[in-house]
Structures are given as structure tokens and as C-alpha cells.
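Taken in sequence, the protein lines are chains A and B.
Using my numbering, you'd call the opening residue of the first sequence number 3 and step up by one each time.
Using my numbering, you'd call the opening residue of the second sequence number 24 and step up by one each time.
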Amino acid sequence: MKSAGSFCYTGRPNGYASGPNVRLLFGTVLALTIAAMAGLGATWMALTRGSAYGGVTIGAWTGWPKNGTSGIDPYARAMVARTGELPVGSGDGVAFYARTDDAGQPLDGRCDVLLSGTTPQARFWTLTLYDPEGRLVANSTQRQSFTSQEIVRNADGTFDIMVGPRARPGNWLPTGGADKYVLVLRLYDTPIGMATRTGSDAPMPSISKRACL
Amino acid sequence: MIRLALWLLGALLLGGIVHLTTVLLLPRMATQDAYARVSGIAPVNAVIPIPGPTPEKALMPFMDPAFQVSVCRYDLSRGPLKFSVPISQAYTSVSFYTRFDVAYYAINDRAAGRRVIELDLMTAAQRAGLPENEEITAADRLIVTSPTNNGLIVIRVLAPEAGWVPAVRTALAAAQCRPQ
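Dropping the structure here:
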């Protein structure tokens, strides 16, 4: 009101369309439009780009152990409500997601990607390949995941898993040629949790890109 | 100029409020969240197997295909619930979610420490109403308090290799969730 009142004294010709009321109306509409766009846009961005809050990042892998507790933050709650997934409970395990390789390149199903190394201490783990929306990816061998018990290990206890479009001897996780995918490493019955911060606590497998189709 | 800046500032403040409100309200407004998806196939207070995820069809995104899953969609408004599941040889876990998909409690076979995971589920009010000094309130009775009247109990049993699936299904079929 104050700003609209002060406008009367600026001496603009009165017959002009932009009287104080028009100005006020214009300003209100503009402000409300910007508010709605900025507010909803920020919400959309926050929920689709992935929550960065409270994550534990080790190499290319990020996990959100807190999402499996009642201390889950509001952004993660909204994201879970939107996607329709159920987070892994913290007494059960923790899930780590990789959308890029160690060099930061997005995972591309037309390229061979080598997962190599060991996993943090856990009674069981599973490694699963999804499309970015969390669906399994169809392929000729019907294999979408490995469990820790199925994997062929090297003599020193480490393992190599080749993720790619072409069949490989050893541990081969087919990508089905999908251009983008997400790898999810789930550790069950594990001490890894919110207190975990670094790769020395939790040695995650490295992800390196090899030849592309 | 100053007036325009003030309008913009006001707009951004309002935008911030819109943003926070939508984020906070979304879990309560969502129509396709996990609870709603499970409600479509699961009756109340009964254990129902959930079909495993396939590339064509999955009840929820990011389901772990190595697990066989059953759920009990519970309603505590008529009284507490008794839950039990025999543990399998590989790995069994039971996770509890509120009506709004918050994982408030999870236990696995090792933490349970016996052949059967057995517990009572009730609301805080029902727990407060329990008679004190009752013999069965002792250590052999695990009580889980649900923050909401409704929610999900998700039983997950690992089949570490494909050949395990029948045995795992048998263990899951013995799971029970019923009013006391």
C-alpha cells in the first residue's frame, strides 16, 4: 500500500493507463507468477535431480543411510513419495547408487564398464542394474543383478564385474544396450551407516570405463 | 527500480514458501507412493506376497530382484497386531514403514537371534495402556511402536541363488500378521 501511495506523487500524467491500481495489480500478478514458478520449479528440481543432503559419497557411489530411519529429511521423503519406492531400513542394510564412473562420466549402456575391488563388510550384498526410473533392464540372459554368493572371485578375494552390452566370460552384467543406467549396490546386515564417511571405512568397488560400441 | 526490486524480493520470498510447503505436503498428497501401490493389491492385516520385479512390470521402482518380498498392510485402530515369520537360512529382514513410507524400524534374523522373528506391533497409546509387570512383557516379547495407525510391514527374504527361491517362498508363506 505504501509503495502504491508514493507513486501518486511521481507526477505521471493522470490519463495514462498505469495508474497506481494498475501498477499494484500488475506487480501482484507478476510477483505471484514468479513466486509460483520459482517455488514449484525449485521443488521439481530438488525432487528430480536427486537429494544431496546427508549422503555418504565414496568414489562414484552415494548412499543415504539416514533415509532408512525416521530421521529422513523432508526432501528425501518427498522424493520417495513421488517415485513410490520404499527406502531400505537402516536395521536391514544400506543402498549405494552410482550414476557415473569414477571419472564422472555418466554410465552408458553402450560401453563396457569394469567394476573392480571389494565391498565394505556385509553379510550379503547385491548389485543391480536399473534404468534411471528404477526399472530393471530387459536383456537376452535375464540377468539384472548379482548377489555376493553368485560372484566369481579372484584368488585375493577381490572381484571384477564387467557391465556392458556384449557377452563376457566371468561376471558379466548385461546393460541391454540401454543408454543410461544406474548401478545399485545394496549391503545387507552391515556396520556401514550414518557414521561412515570415507573410503577407508568402506572400500567400494572402482568403476572404470572401457571400450564403447 | 526500487519498487521492482521489492516486488521481486517479495516474489522470491513467496516462492520460497511455496517451495517448502509443496515439499512438506507432497508425502501426504502423493497418490502413487509405495503405500498406495501396495494398497492396490494387499488387504488389511494379512501377509500378501508381492510379485518380483521384471523389466516389464514392478510394483515399485528400485526393488531388489534377489529378494522374495511379502507385505502386511496393517491397521492398528482396532488393536495391536501379532507378527511372526520363520527365518530362512540365508537372510531375512522385517522392515516397518509408516503410512507415509518412513522406515521407522527394521530388524534382521541375526538381531532377532532365533528361528522365528516374533513381535507385537502397537501404537504408542496402546503400549501405554499395557498392564505393567505382566510376565510376558519380559525379554521374550519384542514390542514395536508404530507412529501411525496404518503402515506396512515388509518381509524380505534373500534367495542368494536362483535355486533357493522355492525354499524362500515356503518360509515366507508361513509369515503371519493378525490382530491379537
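Backbone N, C-alpha and C define an ideal beta-carbon position, used for all residues, glycine too.
None of these values were measured; they are calculated from a predicted model.
In chain order, what residues of the same chain have a beta carbon less than 7 Å from the beta carbon of A:Thr143, not counting five sequence neighbours either side? Pro176
Please confirm if B:Ser111 has its CB atom under 8 Å from at least one CB of chain A. no
Round the Cβ separation of A:Phe126 and B:Leu181 to the nearest angstrom and send it over; I've been treating them as touching at under 8 Å. 6 Å
Quick one: is A:Pro171 buried, meaning 16 or more other Cβ sit within 10 Å of its Cβ, or exposed? exposed
Ordered along the chain, which non-local residues of its own chain (more than five positions away) have a Cβ less than 7 Å from that of B:Ile25? none
Ends of the alpha helix (DSSP H) at B:Tyr114? Premise fails: B:Tyr114 is in no alpha helix (DSSP H) and is neither H nor E.
Inter-residue Cα distance where the pair is B:Pro154 and B:Arg164: 14 Å
Within the continuous alpha helix (DSSP H) that includes B:Thr45, where are the two ends? Ile25 to Met52
Could you check where the alpha helix (DSSP H) with A:Arg84 kicks off and where it finishes? Pro76 to Thr85
DSSP three-state call for A:Ala197: helix, strand or coil? coil
Measuring alpha carbon to alpha carbon, tell me which of A:Gly29, A:Val24 and A:Pro67 ends up nearest A:Thr198. A:Pro67
Whose CA, out of B:Cys200, B:Asn131 and B:Leu49, lies closest to the CA of A:Gly86? B:Leu49
Looking at the secondary structure, which residues open and close the alpha helix (DSSP H) in which A:Pro22 lies? Pro22 to Thr50
At 7 Å on the CB atoms, spell out the chain B contacts of A:Phe98, in chain order. Those do not exist, as A:Phe98 stays about 12 Å from chain B at its closest Cβ, beyond 7 Å.
Applying a beta-carbon distance threshold of less than 9 Å, which residues of chain A neighbour B:Tyr120? Leu88, Pro89 and Gly91
Three-state secondary structure assigned by DSSP to A:Gly111: coil
Buried/exposed call for B:Ile64, threshold 16 Cβ in 10 Å: exposed
B:Ser107 - DSSP class collapsed to helix/strand/coil: strand
When Cβ atoms are compared, which residues of the segment 84-114 of chain B fall closer than 9 Å to chain A? Pro84, Phe85, Met86, Asp87, Pro88, Ala89, Phe90, Ala113 and Tyr114
Exposure of A:Gly159, with buried meaning 16 or more beta-carbon neighbours within 10 Å: exposed
Using a Cβ-Cβ cut-off of 6 Å (strictly less than) and excluding sequence neighbours within five positions of A:Ile219, which residues of its own chain qualify? Summary: the structure shown does not reach residue 219 of chain A, with chain A confined to residues 3 through 215, and so no result is reported for it.
Member of B:Val125, B:Ala89 and B:Met52 whose CA lies at the smallest distance from the CA of A:Thr130: B:Ala89
Determine, using beta carbons only, whether A:Arg84 and A:Leu49 come nearer to each other than 8 Å. yes
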